[in-house]
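For reference, the structure is listed below as structure tokens.
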Amino acid sequence: MSSSKNEKIMNSIYDKASNEAIIARINKLTTDSQPLGGKMSVDQMIRHCKLASDVAFGNQDLKINFLMNLLGKLLKKKVFYGGDMGKNSPTAKEFIITEHLDLEKVKSELTVNLSRFANEGKSAIKTMNHPFWGKMTYEDWDALMWKHTDHHLRQFGV
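Here it is, written out as structure tokens:
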């Protein structure tokens, strides 16, 4: 079956080519990379993305209050399947990085995490309930991981 010319091709963390493309963007970042907006330095942003991906693997707990959990559930479809992620969106305190880190080390950690999605597929996901977004499907995880990482890489011009 052929696809129409107007059909938008979606990037996927499970797709090896898409996954390699986002990792190539990460590898373009240097200690001189500056944000086009936001407060994080490049090393902090990479660690932030790594910790966010750790949630999918069951390796990162988040303490989200009831109102924020409700907000996440209400916004999930719009954020995951609508437009871009908003600038200066609130983030869980566990994802706020204040120290400076070795950029190559944190890039490697994030790359390992992202590669797991392509190498292991859906079996990489160990939790189907996100503390903020609520009940998740494998497609939701795909949309969240791609959109969140892409959002922050765009912040740094890659």
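All residue numbers for the sequence shown refer to our numbering, where the first residue is 4 and numbers rise by one.
C-beta atoms are modelled at their ideal positions from N, C-alpha and C, and glycine is treated no differently.
Computed from a predicted model, the values in this text were never measured in an experiment.
- Note that the stretch 118–126 touches the stretch 17–31; at least 3 beta-carbon pairs, one per stretch, sit closer than 8 Å.
- In the three-state DSSP reduction, residue 110 falls in the helix class (H, G or I).
- In the structure shown, the three-state DSSP call for residue 132 is strand.
- Between the C-alpha atoms of residue 50 and residue 161 there is a straight-line separation of about 16 Å.
- Check the Cα spacing between residue 111 and each of 53, 139, 84 and 145: the tightest is with 53.
- In summary, residue 152 is buried, with 16 or more beta-carbon neighbours lying within 10 Å of its beta-carbon over all protein chains present.
- Among the bridge pairs identified by DSSP, residue 138 is matched with 132.
- DSSP, read as helix, strand or coil, puts residue 81 in helix.
- Counting only residues of its own chain and dropping the five nearest sequence neighbours on each side, residue 128 has a CB closer than 7 Å to the CB of 59, 141 and 144.
- Residue 69 is classed as exposed because its beta carbon has fewer than 16 other beta carbons within 10 Å across all chains shown.
- If you draw a 10 Å sphere on the C-beta of residue 35, you find fewer than 16 other C-beta atoms in it, and that means exposed.
- Check the Cα spacing between residue 73 and each of 150, 138 and 45: the tightest is with 138.
- In this structure residue 48 touches residue 159 by the C-beta definition: roughly 7 Å separates them, less than 8 Å.
- Only exposed fits residue 87, as fewer than 16 other CB atoms lie within 10 angstroms of its CB.
- Residue 28 is not a Cβ neighbour of residue 113, given a cutoff of 8 Å.
- The beta carbon of residue 15 sits closer than 6 Å to the beta carbons of 21 and 145 from its chain, once the five residues preceding and following it are set aside; these are given in chain order.
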